[in-house]
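Engineer: Below you'll find the structure I mean.
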Amino acid sequence: MTVLAIKGLNVSFSTGDGDLRALRDVSLEVPARGIVGVVGESGCGKSTLINAVLGLLADNGRVDGGSILFEGRDLTRLAPAEMRALRGPGIATVFQDPMGALNPVLSIGRQMRDIQYRSPLGRSEKDARSAEFLRRVRIPDAEAALARHPHEFSGGMKQRVAIAMALMMEPSLLIADEPTTALDATLEVATIDLLKELQEQIGCSVLFISHHLGVVAELCDDVVVMYAGEVVERGSARQVFNTPRHPYSALLLECDPARRPERARRLPTIPGSVPDPRRRPEGCVFAGRCPRRVDACRAPQGERAMEPGHMARCHLAEAG
Amino acid sequence: MSAAGSDLPGAGRLPTSARLLRSVRRVAREPLGALGLVLVAAMIGGAVFADILTAFEPNRISPRDRFLGPSFGHLLGTDQLGRDLFSRVLHGGRIALSVALLSTAVSLAIGVALGLVAGYGPRWLDNLMLLLFDSIKSFPTVMLALALVTLFGPSLTAVVVVVVLVNVPGYARIVRTRTLSIKESEFVDAARSMGAGTARILRTHVTPNVIGPLLILASMDIPVVIAIEAGMSFLGLGVRPPTPSWGAILNDGFAAIRDTPWIAVAGGLPIILTTLGFTFLGETLRDVFDPRLKGRG
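Line by line, the protein sequences are chains A and B. All letters in the first sequence, in the order written, are residues 31 to 350 by my numbering. All letters in the second sequence, in the order written, are residues 1223 to 1519 by my numbering.
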């Protein structure tokens, strides 16, 4: 059973000097109760992907191809009101910046009560439910915490409050947009453990966006590697991390300091930069920076199956 | 103007009652703030308890007592119709206060509503409303007052309408600017990602973030409103003659200022004192709420 299935998704933004293709032919699946990680550099289209799923693309953005099936319904065809009804109880989101995700002038309790506006519960029952979820994310003295304002919490606590608010909706799908990037390393581990534990309790699926490979390897069942608005490799975490087939994934893994066998003075980097999305190449998007580039890379690349559930968008990639 | 929104004092949170009390104490510690508090309290007290504080009817004409100087019987003397000026000043305070409160409340309500629409609505509507605000603002207040009174006749309503027209563009612009920045904030994105609609976002997320600085600004506008009311009544554009208003008293005294100066003093002094009082109070409040000045006083 698949909760979210994105097929051949194209997203463009119209800008002053022509259309900007932010996502091209993006496909991925999030199975029920599964955790899927999306990794990639800044600007590879991770945030656009989330906004497309949530139906919250900027005014100049549009989905011009492909489908986003959520529990069997195509989100690209839903009316705004239907999409709005899905946000929250269907798909809930935790954002990157815990400092900004809570309204500074309202108490935590007020905000947690407010997002339960669809619930028929009374005020004190809603507050009890808020306190219950604060306890589940291990906020000490949950009842008293309800009366406090966001600035009275630390960054890690604020992120846990944001997680509590998202999970309180009991969504089928939780989108976590770099939820640990703004936290320090010890908090990151604790937050990831908490997220995993709560995911198991609530039984939701998670689409986990990150550029932290270690966290993704730790948390996720499946991994999607994105580059310049395309999915270049997709497979189980074991497949992608142990036997990366796309040159980009392989280089990305080599750049991860945690995965290097010995300490080096300088970390390796991938030379060059992401192509301008207004002038993306016809063929492979990574060809400009790829050390294994050959003439055939100029031709458009399709997804090539490596083994069951593992695919790479590179004609050089070989199975086995 | 565009950057003013985020720099406004009090851009943090609305004061709760405990913090309000603490703020009042801090205001009272400042010499000017204390003076402002005393003047404003005296004015409000006089207006509220006008009937207890004086035995005289403000509008009772008593030809025998015309042009009496200040005495123990008539603390501020009497005017050309023998009316007790102290009583008229206290009752004039009621007019000034109610015009100030009513028109400020109406201006705030309309200003917030228009500012939210301009800031959150589509770009073309924003531009249209800015044009509207600017054209109203470019009208001189006196011209606006004269035009309105010519159309509808002098009345307290005319005063309130003029004040509202003068105040609304400024309030709406501030709300618009703050709305523009708050609608881009992550907590609004977060609320939208949880399915909140426009009305809910405006009500629970934008308005509470906008209203704090606006209330302080409005409190600083109260002396201006009182001066507008007095000015319009002085010119005969405000309250109708028998009703006591400071501006009208000043006008009564103006004709006979050489022989009986106390009438003009009775009209002018309260205008000056309350204007000063509210200004001192407003400026001290602004300093107290301004986080950049915290810990200095």
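No residue lacks a Cβ here, since even glycine has one placed at the ideal position from N, Cα and C. From a predicted model like this one, the values you see are computed outputs, not experimental measurements.
1. May I ask which residues mark the beginning and end of the alpha helix (DSSP H) holding Glu333 of chain A?
2. Between the C-alpha atoms of Cys320 of chain A and Lys37 of chain A, what's the straight-line distance to the nearest angstrom?
3. Can you confirm whether Phe125 of chain A, when its beta carbon is compared against all beta carbons of chain B, has any partner nearer than 9 Å?
4. Shorter than 9 Å from the beta carbon of Thr1497 of chain B to some beta carbon of chain A?
5. At a Cβ threshold of 9 Å, is Leu1503 of chain B touching chain A?
6. Report buried or exposed for Gln141 of chain A, applying the criterion of at least 16 other Cβ atoms within 10 angstroms of its Cβ.
7. Alpha carbon to alpha carbon, what distance is there between Glu1406 of chain B and Ser1239 of chain B?
8. So, with DSSP's three-state summary, where would you put Tyr278 of chain A?
9. According to the neighbour-count rule (16 or more other Cβ atoms, all chains shown, within 10 Å of its Cβ), is Gly1504 of chain B buried or exposed?
10. Find the nearest neighbour of Ala1327 of chain B within the set B:Arg1251, B:Asp1348, B:Ala1367, B:Val1383, judged by alpha-carbon distance.
11. Looking only at its chain, what residues have a beta carbon closer than 8 Å to the beta carbon of Asp49 of chain A, apart from the 5 residues adjacent to it on each side?
12. First and last residue of the beta strand (DSSP E) that includes Thr123 of chain A?
13. Could you spell out where the beta strand (DSSP E) holding Phe16 of chain A opens and where it closes?
14. Within 9 Å of any Cβ in chain A, is that where the Cβ of His1427 of chain B sits?
15. May I have the straight-line CA-CA distance separating Leu1370 of chain B from Thr1379 of chain B, to the nearest angstrom?
16. Which word fits Arg340 of chain A, buried or exposed, when buried means at least 16 other C-beta atoms lie within 10 angstroms of its C-beta?
17. Does Gly1520 of chain B come within less than 9 Å of chain A when only Cβ atoms are used?
18. Going residue by residue through the region 196-259 of chain A, where are the continuous beta strand (DSSP E) segments of at least 3 residues, counting only ones entirely within it?
19. Using a threshold of 9 Å, state whether the C-beta atoms of Arg328 of chain A and Glu312 of chain A are closer than that.
20. Please go through the same chain and pick out, in chain order, the residues whose beta-carbon is closer than 7 Å to the beta-carbon of Cys234 of chain A, but skip the five residues on each side of it.
21. At a CB distance below 8 Å, what residues from the region 1407-1432 of chain B approach chain A? Give them in sequence order.
22. Just checking: is the beta-carbon of Gly1490 of chain B within a distance shorter than 9 Å of some beta-carbon in chain A?
23. Taking only three categories from DSSP, how would you classify Met129 of chain A?
24. I want to verify the contact list: residues of chain B whose CB lies under 9 Å from the CB of Ile138 of chain A, in sequence order.
25. Keeping to the same chain, check which residues put their C-beta closer than 7 Å to that of Gly1517 of chain B; ignore five residues upstream and five downstream.
26. Can you find the residues in the same chain that come closer than 6 Å, C-beta to C-beta, to Leu1402 of chain B, ignoring five residues on each side of it along the sequence?
27. Does chain A have any CB closer than 9 Å to the CB of Gly1434 of chain B?
28. Please list the segments of the alpha helix (DSSP H) lying wholly inside the region 1398-1425 of chain B, counting only runs of 4 or more residues, in order along the chain.
29. Measuring only between beta-carbons, confirm whether Leu225 of chain A sits less than 9 Å from chain B.
30. Would the beta-carbon of Ala1449 of chain B fall within 9 Å of that of Gly1460 of chain B?
31. Run through DSSP, which three-state label would Asn1431 of chain B get?
32. Whole angstroms are fine: how far does the CA of Ile65 of chain A sit from the CA of Asp251 of chain A?
33. Give me, in chain order, the residues of the same chain whose beta-carbon lies closer than 6 Å to that of Asp104 of chain A; leave out the 5 immediate sequence neighbours on both sides.
34. For chain B, check one thing: does any of its Cβ atoms lie closer than 9 Å to the Cβ of Ile205 of chain A?
35. Can you tell me whether Lys156 of chain A is buried or exposed, with buried defined as 16 or more other CB within 10 angstroms of its CB?
36. Comparing C-alpha positions only, which one of B:Arg1244, B:Glu1252, B:Ser1309 sits nearest to Pro1466 of chain B?
Structural biologist: Short version:
1. Taken as a continuous stretch (DSSP letters only), Glu333 of chain A belongs to no alpha helix (DSSP H), as it is neither H nor E.
2. 26 Å
3. yes
4. no
5. It does not: the Cβ of Leu1503 of chain B has no partner Cβ on chain A nearer than 9 Å.
6. Gln141 of chain A counts as buried, since no fewer than 16 other beta carbons sit within 10 angstroms of its beta carbon.
7. 30 Å
8. helix
9. buried
10. B:Val1383
11. Ser42, Phe43, Arg308
12. Per DSSP, the continuous beta strand (DSSP E) segment holding Thr123 of chain A begins and ends at 121-124.
13. With chain A running from 31 to 350 in the structure shown, residue 16 of chain A is simply not present.
14. yes
15. 10 Å
16. The amino acid at residue 340 of chain A is misidentified as Arg; the sequence shows His. Classification of His340 of chain A: buried, given that the 10 Å Cβ count is 16 or more.
17. Residue 1520 of chain B lies beyond the residue range present for chain B, which begins at 1223 and ends at 1519; the question has no answer from this structure.
18. 203-207, 235-240, 252-257
19. In this structure, Glu312 of chain A lies closer than 9 Å to Arg328 of chain A by Cβ.
20. Pro201, Ser202, Leu203, Leu204
21. Of all residues in the region 1407-1432 of chain B, Ser1407, Glu1408, Phe1409, Asp1411, Ala1412, Ala1413, Arg1414, Ser1415, Met1416, Gly1417, Ala1418, Gly1419, Arg1422, Thr1426, His1427, Pro1430, Asn1431 have a Cβ within less than 8 Å of some Cβ in chain A.
22. No, Gly1490 of chain B lies away from the interface with chain A (no Cβ there is under 9 Å from its Cβ).
23. coil
24. Result: empty, since nearest Cβ-Cβ is about 12 Å, beyond 9 Å.
25. Any reading at Gly1517 of chain B is ruled out, since the residue's pLDDT is 47, under 50, leaving its predicted position unreliable.
26. Gly1341
27. At a cut-off of 9 Å between beta-carbon atoms, Gly1434 of chain B makes contact with chain A.
28. Restricting attention to alpha helix (DSSP H) runs no shorter than 4 residues, the region 1398-1425 of chain B encloses them at 1408-1415, ordered along the chain.
29. no
30. no
31. helix
32. 5 Å
33. Ser97
34. yes
35. buried
36. B:Ser1309
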